[in-house]
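Peer 1:
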Amino acid sequence: MADTRLIRIQNLSKRFETLKVLEDVSLDVRIGENLVVFGRSGTGKSVLLKCIIGLLKPDNGKIFIKDKNILEISLNELNDIRKNIGFLFQSSALYDSMSVRENLAFPLIRHFDFSQKELDEKINNTLELVSLSDAIDKMPSDLSGGMRKRIGLARSIITDPELMLYDEPTTGLDPITTKEISELILNLQKKLNMTSIVVTHDLICAEIIADRAIFLKDAKIVHEGKIEDLSKSDDPFLKNFFSNEIVKAS
Amino acid sequence: MNLPVIKHKRRATFSHLVYNFFANITGLTIFNWEFIKAVFLPPYEIAEVKKHMDELGVKTFPIVSITGFIIGLVLALQSYPVLLRFGATDFLPNTVALSVIRELGPVITALIFAGRVSSGIGAELGSMRVTEQIDAMEVSAINPFRYLVVTRVIATTMILPVLTIYVIFLALIGGYVAVIITENMSFEYYKNAIIGAVEFGDLIPGVAKTFVFGYIAGIVGAFKGYTADGGTEGVGRASTTAVVFASLLILIFDMILVQITLMLWPTLG
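In the order they appear, the protein sequences are chains F and P. Under our numbering, read the first sequence as residues -12 to 237, first letter to last. Under our numbering, read the second sequence as residues 30 to 298, first letter to last.
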């Protein structure tokens, strides 16, 4: 039977000086799955994502993406893997000296051999997917928070990645925009058939997107399952977390 | 690239300052080595280099124009009374030309360039670092060091000698204006006096060292910006320390390069 796991994380540990952020974390992500990583602020959710993409080097453990341990390969090999991964940063991380068009063209020009016509077509199609065709010649400073997220998302998916990593995609957005962005992420995932890992503490976002969720606490995965099951759990910590999030969401 | 961590504390102790000094030196050495490794490898971002030559170099022309003119003017005005005391006012063009070409032109242009460009690069890259734009490039499988650092350092290295020659020219014009004010000297005499006094050997070391100064201004600004941390405070710190560090290194290297020049061309002394 074929291995359906896109990512395998084994015994991952990371600490910053004396602060333990991840300890002995093991996790599998299946192809086509939407995994939500929950946890309070400072529990190592973003660190986990940055270890997966190779921005941070863990102290111990193994991270396999399509059977390649990314901690034991060269930078060129890692970059080949990165070309198939999209990453949406919490701050969107748009290049502020470039227009929206240039932001989207930037990875395409460097990784593909597109003609100008193909390039324009690809940019226009991707902007249509995020419903922001009008913003093509705007600068990032002219965009609202929600628009920046959409453009950040467009730049991440423009290379047709197999895996999308979202770092707090709805932080700082109002509940309506949060719902819109979450639905957009879900629609794109279905349309482009991607695997996603979403780091969030936003329940609206998680409920819309998640196939499965894990909960990080004290540097470890303490709960795993479907959102519905976790939210009905009798565990005092989960009860407390979900009741607080529900109050915030309403 | 594993760089030593620079520790920022509000109340730094002496041991912290010593640690940070050596961390900066070690970090900058590693950063230089990374530059040397990256500069010869493709892709060669020629368009980016041209863009930075315009942004960092051409846009510095107004400020160095004013400075160059004033250096020559003031130098001639200050030198005149001294030369007058010895009845040697005929040597005013020679004094201005040799001072400006050998030392003042290159060093002052480099210091002004560092003030504008090192701080600009430090702030720009620092801002890109703290807003995760550099990380965004890295996760897109694009080498940010080559795209952001190498292009800027090549641009600053190439453009500073051009600016210096321009400043020297303007300083000599400024010197002539002072000569008109103080002494009834024709332009023909002024020009011929300079041509007679200045040898080719005077110009080459003066301009050649500005390649080194341009490199210092670029690499220090890039190092400080690329390794910035701590939000907006970190960006401000990167910008300020880039100017201080670059200016200091320019003066230290000037001292070393003058010694080397005098060893290679003893007749210049």
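Where is the CB? At the ideal position from N, CA and C, for every residue including glycine. Owing to the predicted nature of the structure, the values given are computational and were not obtained by experimental measurement.
Which residues in chain F sit within 7 Å of residue 108 of chain P, going by Cβ to Cβ distance?
Peer 2: Counting from 1 along the second sequence, the entry for residue 108 of chain P is found at position 79. Correct list: empty, because the minimum Cβ distance to chain F is about 45 Å.
Peer 1: If contacts are defined as beta-carbon pairs under 8 Å, then residue 269 of chain P and residue 192 of chain P qualify, I think. What distance do you get, rounded to the angstrom?
Peer 2: Along the second sequence, read from residue 1 onward, the residue named residue 269 of chain P stands at position 240. Along the second sequence, read from residue 1 onward, the residue named residue 192 of chain P stands at position 163. The Cβ separation is near 23 Å, so there is no contact.
Peer 1: Using a Cβ-Cβ cut-off of 8 Å, state whether residue 267 of chain P counts as contacting chain F.
Peer 2: Locating residue 267 of chain P in the second sequence gives position 238, counting from the first residue. Output row for residue 267 of chain P: interface = no.
Peer 1: Residues of the segment 156 to 173 of chain P with a CB closer than 7 Å to any CB of chain F: list them in chain order, please.
Peer 2: 160, 161, 162, 164, 165, 167, 168, 169, 170, 171
Peer 1: Skipping 5 residues on each side, what residues in its chain have a beta carbon closer than 6 Å to that of residue 102 of chain P?
Peer 2: As a working note, residue 102 of chain P is residue 73 in the second sequence. Excluding positions up to five away in sequence, the list reads 203, 206, 207.
Peer 1: Indicate the three-state DSSP secondary structure (helix, strand or coil) for residue 10 of chain F in the structure shown.
Peer 2: Here the question's residue 10 of chain F lines up with position 23 in the first sequence. It is a strand residue.
Peer 1: Output the distance between the C-alpha atoms of residue 150 of chain P and residue 286 of chain P, rounded to the nearest integer angstrom.
Peer 2: In the second sequence, residue 150 of chain P corresponds to position 121, counting from 1. In the second sequence, residue 286 of chain P corresponds to position 257, counting from 1. So the two alpha carbons sit approximately 25 Å from each other.
Peer 1: Output yes if chain P places a C-beta closer than 8 Å to the C-beta of residue 70 of chain F; else output no.
Peer 2: In the first sequence, the residue the question calls residue 70 of chain F occupies position 83. Yes, residue 70 of chain F lies at the interface with chain P (some Cβ there is under 8 Å from its Cβ).
Peer 1: Does the CB of residue 94 of chain F have a neighbour CB from chain P at under 8 Å?
Peer 2: On the first sequence, position 107 is the one that residue 94 of chain F refers to. Yes, because at least one Cβ of chain P sits closer than 8 Å to the Cβ of residue 94 of chain F.
Peer 1: Identify which residue in P:141, P:172, P:153, P:142 has its Cα closest to the Cα of residue 93 of chain F.
Peer 2: If you number the first sequence from 1, residue 93 of chain F lands on position 106. Nearest of P:141, P:172, P:153, P:142 to residue 93 of chain F, Cα basis: P:172.
Peer 1: Taking Cβ to Cβ, would you say residue 189 of chain F is nearer than 8 Å to residue 164 of chain F?
Peer 2: In the first sequence, counting from the first residue as 1, residue 189 of chain F sits at position 202. In the first sequence, counting from the first residue as 1, residue 164 of chain F sits at position 177. Contact: no.
Peer 1: Of all the options F:204, F:212, F:121, F:208, which has the alpha carbon lying nearest to the alpha carbon of residue 246 of chain F?
Peer 2: Nothing can be reported for residue 246 of chain F: it is not among the residues displayed for chain F, which extend from -12 to 237.
Peer 1: What in chain A is Cβ-close to residue 82 of chain F, meaning under 9 Å?
Peer 2: In the structure shown, chain A cannot be found, because the protein chains are F and P.
Peer 1: Counting only the same chain and skipping the five closest in sequence on each side, list residues whose C-beta sits under 6 Å from that of residue 52 of chain F.
Peer 2: The residue labelled residue 52 of chain F in the question sits at position 65 within the first sequence. If we look at residue 52 of chain F and ignore the five residues flanking it on each side, its Cβ neighbours are -6, 68.
Peer 1: Is the separation between the beta-carbon of residue 126 of chain P and that of residue 226 of chain P shorter than 8 Å?
Peer 2: Translated into the one-based positions of the second sequence, residue 126 of chain P becomes position 97. Translated into the one-based positions of the second sequence, residue 226 of chain P becomes position 197. Yes, they are a contact pair.
Peer 1: Reducing DSSP to helix, strand and coil, say where residue 237 of chain F ends up.
Peer 2: Translated into positions along the first sequence, residue 237 of chain F becomes position 250. Unreliable placement is indicated for residue 237 of chain F, whose pLDDT of 47 sits below 50; the coordinate value is still reported in the next sentence. If DSSP states are grouped into helix, strand and coil, residue 237 of chain F belongs with coil.
Peer 1: Residue 75 of chain F lies in the beta strand (DSSP E); which residues open and close that run?
Peer 2: Taking the first residue of the first sequence as position 1, residue 75 of chain F is located at position 88. First-last of the beta strand (DSSP E) with residue 75 of chain F: 72 to 75.
Peer 1: From the DSSP output, which residues share a beta bridge with residue 260 of chain P?
Peer 2: Within the second sequence, numbered from 1, the residue matching residue 260 of chain P stands at position 231. Under DSSP, residue 260 of chain P takes part in no beta bridge, so it has no partner.
Peer 1: Assess contact between the segment 76 to 92 of chain F and the segment 135 to 151 of chain F, defined as three or more Cβ pairs (one per stretch) separated by less than 8 Å. Is contact present?
Peer 2: By the C-beta criterion, the segment 76 to 92 of chain F is judged to be in contact with the segment 135 to 151 of chain F, since at least 3 inter-stretch pairs fall below 8 Å.
Peer 1: Express the C-alpha separation of residue 159 of chain P and residue 237 of chain F in angstroms, rounding to a whole number.
Peer 2: By one-based count along the first sequence, residue 237 of chain F stands at place 250. By one-based count along the second sequence, residue 159 of chain P stands at place 130. At residue 237 of chain F, the pLDDT of 47 sits below 50, so the modelled position is not reliable; the number obtained from the coordinates is stated separately. C-alpha separation (whole angstroms): 33 Å.
Peer 1: Go ahead and label residue 62 of chain F buried or exposed: buried means 16 or more other beta carbons lie within 10 angstroms of its beta carbon, across all protein chains shown.
Peer 2: Position 75 of the first sequence holds residue 62 of chain F. Burial call: exposed.
Peer 1: DSSP three-state label for residue 290 of chain P, please.
Peer 2: Numbered from its first residue, the second sequence carries residue 290 of chain P at position 261. In this structure, residue 290 of chain P counts as helix in the three-state DSSP scheme.
Peer 1: Output the boundary residues of the beta strand (DSSP E) element that contains residue 199 of chain F.
Peer 2: For the purposes of this step, residue 199 of chain F is identified with residue 212 of the first sequence, where counting begins at 1. Here the beta strand (DSSP E) through residue 199 of chain F covers 199 to 204.
Peer 1: Using a C-beta to C-beta distance shorter than 8 Å, which residues of chain P count as neighbours of residue 78 of chain F?
Peer 2: By 1-based counting over the first sequence, the position of residue 78 of chain F is 91. By Cβ distance, chain P contributes 160, 161.
Peer 1: Can you tell which of F:9, F:153, F:100 has its C-alpha closest to the C-alpha of residue -4 of chain F?
Peer 2: The residue you call residue -4 of chain F lines up with position 9 of the first sequence. Among F:9, F:153, F:100, the Cα nearest to that of residue -4 of chain F belongs to F:9.
Peer 1: Going by DSSP, what residue range makes up the alpha helix (DSSP H) through residue 132 of chain F?
Peer 2: The residue labelled residue 132 of chain F in the question sits at position 145 within the first sequence. Taken as a continuous stretch (DSSP letters only), the alpha helix (DSSP H) holding residue 132 of chain F covers 132 to 144.
Peer 1: Look up residue 82 of chain F in the DSSP assignment and say whether it is helix, strand or coil.
Peer 2: Locating residue 82 of chain F in the first sequence gives position 95, where the first residue counts as 1. DSSP places residue 82 of chain F in coil when its eight states are reduced to three.
Peer 1: Going by DSSP in three states, residue 153 of chain F sits in which element: helix, strand or coil?
Peer 2: Looking up residue 153 of chain F in the first sequence gives position 166. In the structure shown, residue 153 of chain F sits in a strand (DSSP, three-state: E or B).
Peer 1: Rounded to whole angstroms, what's the CA-CA distance from residue 200 of chain P to residue 85 of chain P? Just pull it up for me.
Peer 2: For the purposes of this step, residue 200 of chain P is taken as residue 171 along the second sequence, with counting starting at 1. For the purposes of this step, residue 85 of chain P is taken as residue 56 along the second sequence, with counting starting at 1. Rounded to whole angstroms, residue 200 of chain P and residue 85 of chain P show a C-alpha spacing of 21 Å.
Peer 1: List the residues of chain P whose Cβ lies closer than 9 Å to the Cβ of residue -7 of chain F, in chain order.
Peer 2: By one-based count along the first sequence, residue -7 of chain F stands at place 6. Per Cβ cutoff of 9 Å: no residues; residue -7 of chain F is ~17 Å from chain P at best.
Peer 1: When the distance is taken between beta carbons, is residue 164 of chain P closer than 8 Å to residue 42 of chain F?
Peer 2: Indexing the first sequence from 1 puts residue 42 of chain F at position 55. Indexing the second sequence from 1 puts residue 164 of chain P at position 135. Yes, they are a contact pair.
Peer 1: Comparing the C-beta of residue 160 of chain F with each C-beta of chain P, is any distance below 8 Å?
Peer 2: As a working mapping, residue 160 of chain F is identified with position 173 in the first sequence. No, residue 160 of chain F lies away from the interface with chain P (no Cβ there is under 8 Å from its Cβ).
Peer 1: Kindly confirm or deny that the segment 119 to 131 of chain F and the segment 151 to 159 of chain F touch, where touching means at least three C-beta pairs closer than 8 Å.
Peer 2: Flag = no, the segment 119 to 131 of chain F and the segment 151 to 159 of chain F do not touch.
Peer 1: Please confirm if residue 98 of chain F has its CB atom under 8 Å from at least one CB of chain P.
Peer 2: Numbered from 1 along the first sequence, position 111 holds the residue referred to as residue 98 of chain F. Interface with chain P (8 Å Cβ-Cβ cutoff): residue 98 of chain F is included.
Peer 1: Check each candidate in F:183, F:157, F:12 and name the one with the smallest Cα separation from residue 144 of chain F.
Peer 2: Numbered from 1 along the first sequence, position 157 holds the residue referred to as residue 144 of chain F. For residue 144 of chain F, the nearest C-alpha among the options comes from F:183.
Peer 1: Entirely within the segment 208 to 283 of chain P and at least 4 residues each: give me those alpha helix (DSSP H) ranges in chain order.
Peer 2: 216 to 226, 229 to 255
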